[in-house]
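Reading through the structure tokens given below for one structure.
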């Protein structure tokens with residue numbers, strides 16, 4: 004059916020898989036931090052470089068387009084590479100790229116260096132999931148994938164609020180330098196902890212055609228695109244939106260981002276614990292319903308910080324957990340396609356982020372910022388329906404999503 008009939012491991016005696024999983028979690032922490040870095044400091048970047056907030060939003064949506072193309076492309080190009088070298092190199096790109104971004108003298112330089120930097124992100128998260136599939140037996144795979152994706156949740160809980168505060172207090176360039184230094188530490192840990200000789204079977208053109216013709220996989224990927232589009236309509240512009248609804252305060256913005264992220268860590272930890280006991284598709288649908296409820300609360304609650312914090316907590320509780328479960332869902336549907344579907348799900352995440360950022364920028368440019376939360380809610384709610392439809396399609400295809 005395809006060249007990706009199986010994934011193989013050829014590795015010398017090496018550090019334990021547990022240590023390797025922690026290294027991948029740390030790598031995802033830095034990938035998530037770097038990708039979401041502009042969110043809390045977008046208005047500071049815009050002011051310093053003399054552009055509008057809507058224009059500065061390109062740091063998110065243009066990055067999403069780059070990654071949506073880059074994730075499957077790099078999966079194809081690098082499928083014959085040793086996983087340890089590949090993932091460490093992806094983080095090395097983060098070190099160099101964030102340093103270059105910190106030196107930017109105009110917006111064009113910053114945008115260009117950021118797009119080049121995120122080639123590392125295009126590689127890392129998707130191939131981290133595929134690497135987990137090589138190291139962990141099927142019965143533990145979903146939980147292990149959910150575990151390494153806790154890194155994204157921790158980024159939202161801790162490092163993104165931290166860089167938001169640092170950027171507001173010490174200047175946005177300081178936040179980029181901080182990510183560069185921390186990425187160097189993550190690169191070192193990944194290089195030391197992953198076993199040598201981990202290789203996936205080569206990804207061919209036929210692999211992509213097989214995925215596209217599959218009766219289930221495209222619908223599952225559509226769930227990711229729809230949910231992430233809705234989330235990033237609002238999340239991309241959360242700092243100016245909080246200032247509009249409440250009041251200007253770097254501490255408040257950082258606190259709400261932390262609340263969102265702490266909930267994400269909690270939700271991801273719960274997902275990691277139960278992923279092997281319940282069908283991923285069912286858990287995804289439940290999670291999307293929780294996320295949609297949280298976004299609705301952001302839209303309707305009175306402008307009081309405590310109520311906003313509760314709404315952000317509910318939204319974040321499922322937001323990141325859903326994506327780790329989506330990776331597990333895709334691999335469970337067609338294990339042989341793991342390197343390709345992991346890359347395509349990452350591409351779907353980034354495409355949704357790009358579309359959401361572009362839609363949000365259009366809403367702001369059109370003078371209707373109050374629409375952000377409502378449009379976000381409509382799209383996240385729609386993803387619930389798409390997820391249910393994906394499960395039903397799987398049943399009709401006699402290929403149930405576990």
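Numbering (my numbering), first residue to last: 4 to 405.
Ideal Cβ positions, reconstructed from N, Cα and C, are used throughout, including at glycine.
The model shown is predicted, which means the values in this text are computed figures rather than measured ones.
Specify the secondary structure class of residue i as computed by DSSP and reduced to three states.
{"i": "residue 117", "result": "helix"}
{"i": "residue 201", "result": "strand"}
{"i": "residue 207", "result": "coil"}
{"i": "residue 391", "result": "helix"}
{"i": "residue 213", "result": "helix"}
{"i": "residue 249", "result": "coil"}
{"i": "residue 23", "result": "helix"}
{"i": "residue 108", "result": "coil"}
{"i": "residue 82", "result": "coil"}
{"i": "residue 298", "result": "helix"}
{"i": "residue 152", "result": "coil"}
{"i": "residue 370", "result": "coil"}
{"i": "residue 87", "result": "helix"}
{"i": "residue 336", "result": "helix"}
{"i": "residue 278", "result": "coil"}
{"i": "residue 53", "result": "coil"}
{"i": "residue 240", "result": "coil"}
{"i": "residue 219", "result": "coil"}
{"i": "residue 140", "result": "coil"}
{"i": "residue 306", "result": "coil"}
{"i": "residue 174", "result": "coil"}
{"i": "residue 100", "result": "helix"}
Which one of the options has the shortest CA to CA distance from residue i?
{"i": "residue 225", "options": "351, 306 and 134", "result": "351"}
{"i": "residue 248", "options": "305, 293 and 254", "result": "305"}
{"i": "residue 381", "options": "124, 29 and 231", "result": "231"}
{"i": "residue 149", "options": "115, 286 and 251", "result": "286"}
{"i": "residue 295", "options": "329, 278, 384 and 141", "result": "384"}
{"i": "residue 183", "options": "338, 332 and 35", "result": "35"}
{"i": "residue 326", "options": "338, 194 and 291", "result": "291"}
{"i": "residue 297", "options": "318, 282, 277 and 312", "result": "318"}
{"i": "residue 120", "options": "320, 355, 155 and 67", "result": "67"}
{"i": "residue 23", "options": "368, 308 and 134", "result": "134"}
{"i": "residue 158", "options": "368, 28, 118 and 379", "result": "28"}
{"i": "residue 314", "options": "238, 201, 354 and 284", "result": "238"}
{"i": "residue 162", "options": "378, 368, 367 and 38", "result": "38"}
{"i": "residue 74", "options": "349, 187, 362 and 57", "result": "349"}
{"i": "residue 271", "options": "72, 330, 369 and 124", "result": "330"}
{"i": "residue 211", "options": "328, 359, 80 and 173", "result": "80"}
{"i": "residue 328", "options": "126, 354 and 151", "result": "151"}
{"i": "residue 228", "options": "358, 72 and 368", "result": "358"}
{"i": "residue 123", "options": "91, 108, 25 and 308", "result": "91"}
May I have the straight-line CA-CA distance separating residue i from residue j, to the nearest angstrom?
{"i": "residue 289", "j": "residue 345", "result": "22 Å"}
{"i": "residue 175", "j": "residue 62", "result": "13 Å"}
{"i": "residue 235", "j": "residue 376", "result": "10 Å"}
{"i": "residue 263", "j": "residue 139", "result": "30 Å"}
{"i": "residue 146", "j": "residue 53", "result": "46 Å"}
{"i": "residue 76", "j": "residue 207", "result": "11 Å"}
{"i": "residue 180", "j": "residue 132", "result": "27 Å"}
{"i": "residue 261", "j": "residue 386", "result": "25 Å"}
{"i": "residue 189", "j": "residue 97", "result": "10 Å"}
{"i": "residue 47", "j": "residue 110", "result": "12 Å"}
{"i": "residue 397", "j": "residue 218", "result": "7 Å"}
{"i": "residue 341", "j": "residue 364", "result": "34 Å"}
{"i": "residue 257", "j": "residue 21", "result": "32 Å"}
{"i": "residue 106", "j": "residue 40", "result": "16 Å"}
{"i": "residue 394", "j": "residue 284", "result": "7 Å"}
{"i": "residue 78", "j": "residue 343", "result": "7 Å"}
{"i": "residue 191", "j": "residue 390", "result": "38 Å"}
{"i": "residue 373", "j": "residue 240", "result": "12 Å"}
{"i": "residue 196", "j": "residue 55", "result": "43 Å"}
{"i": "residue 31", "j": "residue 173", "result": "25 Å"}
Excluding the 5 residues flanking residue i on each side, which residues of the same chain have their C-beta closer than 8 Å to its C-beta?
{"i": "residue 221", "result": "214 and 215"}
{"i": "residue 44", "result": "166, 167, 170, 171, 175, 178 and 242"}
{"i": "residue 59", "result": "41, 45, 46, 48, 49, 52 and 110"}
{"i": "residue 102", "result": "179, 180 and 183"}
State the CB to CB distance for the pair residue i and residue j, rounded to an integer number of angstroms; the pair is presumed to be in contact (CB under 8 Å).
{"i": "residue 265", "j": "residue 185", "result": "About 19 Å separates the two Cβ atoms, so there is no contact after all."}
{"i": "residue 273", "j": "residue 324", "result": "7 Å"}
{"i": "residue 70", "j": "residue 130", "result": "About 13 Å separates the two Cβ atoms, so there is no contact after all."}
{"i": "residue 3", "j": "residue 177", "result": "This structure gives no information on residue 3, because the portion of the chain shown stretches from 4 to 405."}
{"i": "residue 87", "j": "residue 199", "result": "6 Å"}
{"i": "residue 379", "j": "residue 154", "result": "The pair is not a contact, with the Cβ atoms about 24 Å apart (cut-off 8 Å)."}
{"i": "residue 104", "j": "residue 116", "result": "5 Å"}
Excluding the 5 residues preceding and the 5 following residue i in the sequence, name in chain order all residues of the same chain whose CB lies nearer than 6 Å to its CB.
{"i": "residue 310", "result": "304"}
{"i": "residue 405", "result": "Low confidence applies here, because residue 405 scores a pLDDT of 46, under 50, leaving its location unreliable; read the following figure in that light. Only 282 and 335 meet the Cβ criterion."}
Going by beta carbon distance, what residues of the same chain come within less than 7 Å of residue i, once the five residues before and after it are set aside?
{"i": "residue 142", "result": "279"}
{"i": "residue 469", "result": "With the chain covering only 4 through 405, there is no way to say anything about residue 469."}
{"i": "residue 293", "result": "317, 320 and 321"}
{"i": "residue 360", "result": "60, 63, 64, 67, 235 and 239"}
{"i": "residue 259", "result": "245, 311, 312 and 315"}
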